[in-house]
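Okay, structure first, notes after.
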Amino acid sequence: MGLLRKLLGLGPKVNYKELIDNGAKVLDVRSTGEFSSGHFKGSKNIPLDQVSKRMPEILKLGEPLIVCCKSGMRASNAMSTIKKAGVKEIYNAGGWTNL
1 MGLLRKLLGL GPKVNYKELI DNGAKVLDVR STGEFSSGHF KGSKNIPLDQ VSKRMPEILK
61 LGEPLIVCCK SGMRASNAMS TIKKAGVKEI YNAGGWTNL
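Numbering (UniProt numbering), first residue to last: 1 to 99.
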């Protein structure tokens, strides 16, 4: 399971509840339709294909930032782009139901 977590960019086990309780924001990179069918309360929806062009909006969310999607694959892709924009404290929660 550790190799799978690493491949998906999930890294070590993280207490997302604690991060959120301490001010972390949640970015959901699923499509608008997926998001509207269910999401983590208070999360911001910016579909993966819009991440680059909406980077100023993402940067305003601040740090730490938790990225989620359905399985973690899109979140991993989004994290790479967001890290290149300068965000240092960012986490891949995998599926939004993990939060």
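By construction, the Cβ of each residue, glycine as well, lies at the ideal position given by its N, Cα and C atoms. Nothing here was measured: the structure is a model prediction, and the numbers come from that model.
Residue i versus residue j: straight-line alpha-carbon distance, rounded
i	j	result
residue 59	residue 87	7 Å
residue 66	residue 52	17 Å
residue 97	residue 40	7 Å
residue 70	residue 94	7 Å
residue 28	residue 72	10 Å
residue 49	residue 34	14 Å
residue 89	residue 16	13 Å
residue 64	residue 42	15 Å
residue 83	residue 77	10 Å
residue 92	residue 55	17 Å
Assigned exposure category for residue i - 16 Cβ within 10 Å defines buried
i	result
residue 102	In the structure displayed, the chain extends from 1 to 99; residue 102 sits before or after that span and is not available.
residue 80	exposed
residue 21	exposed
residue 37	exposed
residue 24	buried
Identified DSSP bridge partners for residue i
i	result
residue 65	25 and 90
residue 45	28
residue 38	None; residue 38 has no bridge partner.
When the options are compared against residue i, the one with the closest alpha-carbon
i	options	result
residue 68	56, 45, 13 and 19	45
residue 30	62, 47 and 56	47
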